[in-house]
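Report on the structure given below.
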Amino acid sequence: MRFSQPKREEISLGVSMAPLIDIVFLLLIFFMLTSHIEIIPGIDIVLPDIAEKGSDTSTNTMIVALDREGNHYINKEKVELTELFRRFKESVHLSETNLILQADRDVKHGQVVRVMDLAKKAGITTIVIAAQWEPEKIF
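Count along the sequence shown starting at 1, add 2, and that's the number in the numbering used here.
Set out below in structure tokens:
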């Protein structure tokens, strides 16, 4: 006579997907929070340091970058001073424009003032100078 044996529950040796999905989402959040976003990648500039943060809430903003060699860039495109002035005029003609000036720390003061002067002549009333914020640094 053959007695029936109680059925054993099968043990799953497979990998459960729920913990893997949790880990992937945690890694995604970690990398999103720790990544740095560059405004204009590819142009090698080092911004000067500041102690207090400012904010810009304008809608029409033009960003101009100056590198060490004194080259002028608008949206990663290298432009000369005459073209820069023409684009300032076009932007002001369309609507009120604010200028964010990103100049390398080693750019001569005269070049920065020249771009600011062109912006004022074109009718741009608000000029913001970009800098790297360091909260611990006061002096």
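Backbone N, C-alpha and C define an ideal beta-carbon position, used for all residues, glycine too.
| Check | Outcome |
| --- | --- |
| Which same chain residues, not among the five before or five after threonine 128, have their C-beta less than 6 Å away from its C-beta? | Asn100 |
| Tell me, which residues are paired with alanine 67 by DSSP? | Tyr75 and Gln104 |
| Less than 7 Å separating the beta-carbons of glutamine 72 and glutamine 104? | One detail in the question is off: residue 72 reads as glycine in this sequence, not glutamine. No, Cβ-Cβ distance for glycine 72 and glutamine 104 is not below 7 Å. |
| Check the C-beta distance from methionine 118 over to serine 93 and give it rounded, since I have them as a contact under 8 Å. | Contact doesn't hold; Cβ gap of about 15 Å is too wide. |
| Under a three-way DSSP split, which group does lysine 80 fall into? | strand |
| In whole angstroms, what is the alpha-carbon distance linking threonine 36 and leucine 29? | 11 Å |
| Taking the beta carbon of phenylalanine 90 as the centre, do at least 16 other beta carbons fall within 10 Å, making it buried, or is it exposed? | buried |
| To the nearest whole angstrom, what separates the beta carbons of leucine 120 and leucine 86, a pair I think is in contact under 8 Å? | 6 Å |
| Please state whether DSSP places valine 109 in a helix, a strand or coil. | coil |
| Between the Cα of alanine 124 and the Cα atoms of Ala133, Ile31, Phe27 and Leu83, which residue gives the shortest distance? | Leu83 |
| Taking only three categories from DSSP, how would you classify valine 130? | strand |
| In chain order, what residues of the same chain have a beta carbon less than 8 Å from the beta carbon of glycine 16, not counting five sequence neighbours either side? | none |
| Exposed or buried, what is valine 115 when buried is set at 16 or more other beta-carbons lying within 10 Å of its beta-carbon? | exposed |
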